[in-house]
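All residue numbers for the sequence shown refer to our numbering, where the first residue is 184 and numbers rise by one. The beta carbon of each residue, even a glycine, is placed where N, CA and C say it ideally should be. Everything below concerns the one structure shown next.
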Amino acid sequence: MARSRTRPGLKALIALGIILIALAAILAGGVLAGKASWAPKLALDLEGGTQMILAPKVSGGTQVNQDQLNQAVEIIRQRVDGSGVSEAEISTQSGRNVVVSLPGTLSGETRQLIQASADMNFRPVLAAGDAAAVPQDQRLADDKLPKPTAAPANASDINWITADVYKQYEALDCTQPQPEKTERSDPAEPLVTCQPANGTQPAIKYILGPVEVVGTDIAGSTFQLQQGRQGAVTNEWAVNIQFNDAGTQKFKAVTERLNGYYAANQNDPKAQFAIVLDDKVLSAPRTLAVITDGRPQITGNFTQQSAQTLSDQLRYGALPISFDIQSEEQISATLGTQQLEMGLLAGGIGLLLVVVYSLFQYRALGFVTIASLVVAGALTYLAIAILGWTENYRLSLAGVAGLIVAIGQTADSFIVYFERIRDELREGRGLVSAVENGWKRAKRTVLASKAVNLLAAVVLYFVAVGNVRGFAFTLGLTAIADLIVVFIFTHPMLQTLARTRFFGEGHRFSGLDPERLGAVPLYRGAGRLREASDAARATIKPKNSAAVREAGRRMTIAERRAAEAQKQSEMSSASGRSHRASETGKEN
Numbered sequence: 184m185a186r187s188r189t190r191p192g193l194k195a196l197i198a199l200g201i202i203l204i205a206l207a208a209i210l211a212g213g214v215l216a217g218k219a220s221w222a223p224k225l226a227l228d229l230e231g232g233t234q235m236i237l238a239p240k241v242s243g244g245t246q247v248n249q250d251q252l253n254q255a256v257e258i259i260r261q262r263v264d265g266s267g268v269s270e271a272e273i274s275t276q277s278g279r280n281v282v283v284s285l286p287g288t289l290s291g292e293t294r295q296l297i298q299a300s301a302d303m304n305f306r307p308v309l310a311a312g313d314a315a316a317v318p319q320d321q322r323l324a325d326d327k328l329p330k331p332t333a334a335p336a337n338a339s340d341i342n343w344i345t346a347d348v349y350k351q352y353e354a355l356d357c358t359q360p361q362p363e364k365t366e367r368s369d370p371a372e373p374l375v376t377c378q379p380a381n382g383t384q385p386a387i388k389y390i391l392g393p394v395e396v397v398g399t400d401i402a403g404s405t406f407q408l409q410q411g412r413q414g415a416v417t418n419e420w421a422v423n424i425q426f427n428d429a430g431t432q433k434f435k436a437v438t439e440r441l442n443g444y445y446a447a448n449q450n451d452p453k454a455q456f457a458i459v460l461d462d463k464v465l466s467a468p469r470t471l472a473v474i475t476d477g478r479p480q481i482t483g484n485f486t487q488q489s490a491q492t493l494s495d496q497l498r499y500g501a502l503p504i505s506f507d508i509q510s511e512e513q514i515s516a517t518l519g520t521q522q523l524e525m526g527l528l529a530g531g532i533g534l535l536l537v538v539v540y541s542l543f544q545y546r547a548l549g550f551v552t553i554a555s556l557v558v559a560g561a562l563t564y565l566a567i568a569i570l571g572w573t574e575n576y577r578l579s580l581a582g583v584a585g586l587i588v589a590i591g592q593t594a595d596s597f598i599v600y601f602e603r604i605r606d607e608l609r610e611g612r613g614l615v616s617a618v619e620n621g622w623k624r625a626k627r628t629v630l631a632s633k634a635v636n637l638l639a640a641v642v643l644y645f646v647a648v649g650n651v652r653g654f655a656f657t658l659g660l661t662a663i664a665d666l667i668v669v670f671i672f673t674h675p676m677l678q679t680l681a682r683t684r685f686f687g688e689g690h691r692f693s694g695l696d697p698e699r700l701g702a703v704p705l706y707r708g709a710g711r712l713r714e715a716s717d718a719a720r721a722t723i724k725p726k727n728s729a730a731v732r733e734a735g736r737r738m739t740i741a742e743r744r745a746a747e748a749q750k751q752s753e754m755s756s757a758s759g760r761s762h763r764a765s766e767t768g769k770e771n
């Protein structure tokens, strides 16, 4: 008995169905748990939210200057982003206040987080390791956990590492974003925390000792290019810190101890001191010398931008800025439902035009385009709704614009593929062979096109701010959805349809009729014409005049010139034969 062969493309279509069902099940689970919604979350410009006007203040009653105010804005933005609130708008007002606009209803924790003052300090490092959490089966047993043998003699004493502290260290996963905390750690106790990944610097997790120098002891900080031993300026950037008198004495004592660890073992983590802002490590340099003048210099793999950022954080992050809420009110959507409806209307018109063009140009094959757009839309919608639940992503009007633009880009992939198939049919191949060969040619073009779209979206996302990032995000998301649909829906669907009678036999309404595409006996390609009798030519020409015109239109310049040359040759031959026949008649 012959084995039944699996239809080509069937596995891919089944896989797509499983993906859609899985995404829908995940979202349904969130909805049933009361944590998600079937509708995507909307951003501030479409939903409205809460606007707070904050008045920053510094201890001692001193006034906040513009640079300090700008740094305060950055600190608030980092806290808000870290708490999972997206599409927030944070700006200054009249050079005195900070305006914070957040979508939806403001939670009590977020309000406390915004009002809290920045907390910077210096702690010695007790242990450092890989950012990932230690697998459960590889963690130390209870009888092997560290047990302090005496009271800690100083902040670098490993007796600070208790069993509970080490368990926190093993369980901490710094590869994942760490949530912002409204309460700061006890400065007199050890701290288990992360140094987030930054550029080429991977994330690291630490056990830190108690605070030894507070951020308010920093008198200032600058960044500059390093100078070599001979005084020549190098191409490496450094950050300079200047402590006040109290900080100078404290830091001298710290560096004397840490430099001793460095002299004994350069790789000893206890030779490092960590600069901590809001319980997160900004940098953890090694102590290469005893600093007696209160002017340490931090070196490493800095770029100009990263050196400036650390310098600003040291200079202004140490300021104990807190905020008083002058006013808090609910604001309506800055654009509102009318603009959303207009955007959706524009998207509907664009989608309708794509549908009309597809049906006019490709006839029944256009329904594959429509089905592909529906599948891509379902994938994108489910992804946005799930991201709204899990990552608090909110859809702004700019994001809607990205979805509208994506309609044309998604249809473009299908058009490239269909035209490749039709080119194969014009060369005389059967539909099954044309689908496979056309896919090989179209796949490279589609991948190159989507790679450019993704690259543009990624660059735009990281260099832009505000709602423009929403546009870039949806543009990149739809590009990924487009690739999934083309590979595991459009191509498998055409593999299946190619084996049906309607498409396989080239019905005139299928969009794949070889005669209408110009694949007629008169045109062979490469400027050559097939031989045909006069009777056959007379029979074919009226019936396939449109196909003949299509074949002529598809010729390249070289093919057209070759065809014309062949035609001239045939006419010359015919003229010669006619002339010889005339001469023969005269002789007779």
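Buried versus exposed call for residue i [16 or more other C-beta atoms within 10 Å across all chains shown]
i: residue 320; result: exposed
i: residue 334; result: exposed
i: residue 324; result: exposed
i: residue 537; result: buried
i: residue 703; result: Per-residue confidence for residue 703 stands at a pLDDT of 45, beneath the threshold of 50, marking its modelled position as unreliable; no derived number is given.
i: residue 607; result: buried
i: residue 420; result: buried
i: residue 429; result: exposed
i: residue 190; result: exposed
i: residue 383; result: exposed
i: residue 272; result: buried
i: residue 400; result: buried
i: residue 309; result: buried
i: residue 385; result: exposed
i: residue 332; result: exposed
i: residue 589; result: buried
i: residue 523; result: buried
i: residue 418; result: exposed
Terminal residues of the alpha helix (DSSP H) in which residue i lies
i: residue 568; result: 549 to 573
i: residue 212; result: 193 to 215
i: residue 636; result: 614 to 646
i: residue 686; result: 684 to 687
i: residue 594; result: 580 to 609
i: residue 272; result: Not the alpha helix (DSSP H): residue 272 falls in the beta strand (DSSP E), residues 272 to 276.
i: residue 228; result: 227 to 230
Opening and closing residue of the beta strand (DSSP E) in which residue i lies
i: residue 280; result: 280 to 286
i: residue 334; result: Note, residue 334: premise wrong, no beta strand (DSSP E); not H, not E.
i: residue 678; result: No beta strand (DSSP E) holds residue 678; the alpha helix (DSSP H) holding it covers 674 to 680.
i: residue 466; result: 463 to 466
i: residue 458; result: 456 to 460
i: residue 309; result: 303 to 313
i: residue 482; result: 480 to 482
Whole-angstrom distance between residue j and residue i, CA atom to CA atom
i: residue 207; j: residue 691; result: 39 Å
i: residue 635; j: residue 553; result: 24 Å
i: residue 565; j: residue 211; result: 10 Å
i: residue 506; j: residue 255; result: 10 Å
i: residue 551; j: residue 676; result: 8 Å
i: residue 727; j: residue 698; result: Interpretation of residue 727 is limited by its pLDDT of 49, a score under 50 that renders its predicted location unreliable; no figure is taken from the coordinates.
i: residue 510; j: residue 281; result: 11 Å
i: residue 705; j: residue 609; result: Low confidence applies here, because residue 705 scores a pLDDT of 37, under 50, leaving its location unreliable; read the following figure in that light. Going by the C-alpha atoms only, they are around 12 Å apart.
i: residue 392; j: residue 375; result: 9 Å
i: residue 222; j: residue 645; result: 27 Å
i: residue 680; j: residue 654; result: 36 Å
i: residue 424; j: residue 302; result: 17 Å
i: residue 236; j: residue 545; result: 57 Å
i: residue 562; j: residue 617; result: 29 Å
i: residue 786; j: residue 577; result: No statement about residue 786 is possible, as the shown extent of the chain runs from 184 to 771 and does not include it.
i: residue 712; j: residue 199; result: Confidence at residue 712 is low in this model, with a pLDDT of 41, below 50, so the placement of that residue should be treated as unreliable; the coordinate-derived value is given next. Whole-angstrom Cα-Cα distance: 45 Å.
i: residue 278; j: residue 311; result: 42 Å
i: residue 755; j: residue 615; result: 42 Å
i: residue 306; j: residue 251; result: 24 Å
For residue i, the nearest candidate out of the options (CA to CA)
i: residue 543; options: 276, 695 and 224; result: 695
i: residue 684; options: 231, 613, 470 and 515; result: 613
i: residue 593; options: 665, 619, 230 and 350; result: 665
i: residue 387; options: 588, 452 and 400; result: 452
i: residue 329; options: 482, 202 and 344; result: 344
i: residue 458; options: 449, 604 and 470; result: 470
i: residue 573; options: 219, 484 and 485; result: 219
i: residue 475; options: 445, 461 and 440; result: 440
i: residue 485; options: 477, 632, 479 and 494; result: 494
Practice task
Identify every run of the alpha helix (DSSP H) within the segment 420 to 447, keeping only runs that are complete inside it and at least 4 residues long; order them along the chain.
Solution key: 428 to 447
Handout entry: Completely contained beta strand (DSSP E) runs for the segment 348 to 402, where each covers 3 or more residues
Key = 374 to 378 and 387 to 391
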